[in-house]
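A.B. asks: My questions all concern the structure below.
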Amino acid sequence: MKTKDWLAENNISKDQYYYWFNQLRLAACMQASGPQPELPVESENPQIVKLECADYQNDLDSCSNSKIRIDCGCIHIEIDGGAAPTVIRSIMEVLVDAA
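Mapping to our numbering: the sequence shown position 13 is 1, numbers consecutive.
Pasting the structure below:
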């Protein structure tokens, strides 16, 4: 049976399926990696490079098809190129706080 047929038969949307598929994959990855070792705390700030974009507003159309991908162990984050700078900043702050 194809996935599409199974989804229709069980009244599950494609979005719901892929959401839970990714949640299960992440949980399996975390479980397979075992307990995470304690990392040494460094006094330095994490290395985040600030990029200056002089003409950011005019470049939105050209970068809307691009994506930012962040891989950290078995966690993968993908951000659309057209995401607002505040959204990207918030994501980066969460990652820095989690490290």
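Cβ coordinates follow ideal geometry from the N, Cα and C atoms, glycine included. Since we're looking at a predicted model, the values are computed, not measured.
(1) Based on Cα-Cα distance, which residue from S78, K55, N10 lies nearest to G69?
(2) What separation, rounded to the nearest whole angstrom, lies between the Cα atoms of W(-6) and V82?
(3) With a threshold of 7 Å on Cβ separation, who are the neighbours of K2 within its own chain once the five nearest residues in sequence on each side are excluded?
(4) Would you mind reading off the limits of the alpha helix (DSSP H) that contains C17?
(5) Using a Cβ-Cβ cutoff of less than 8 Å, which residues in the same chain neighbour M18 once the five nearest sequence positions on both sides are dropped?
(6) Apart from the five residues just before and just after H64, which ones in its own chain have a Cβ nearer than 8 Å to its Cβ?
C.D. replies: Looking at the atomic coordinates:
(1) Out of S78, K55, N10, K55 has the C-alpha closest to the C-alpha of G69.
(2) Cα-Cα distance, rounded: 37 Å.
(3) The residues are L(-5).
(4) Annotation for C17: the continuous alpha helix (DSSP H) segment containing it runs 2 to 20.
(5) Once the five neighbours on either side are set aside, the close Cβ partners of M18 are C62.
(6) Correct list, in chain order: R57, I58.
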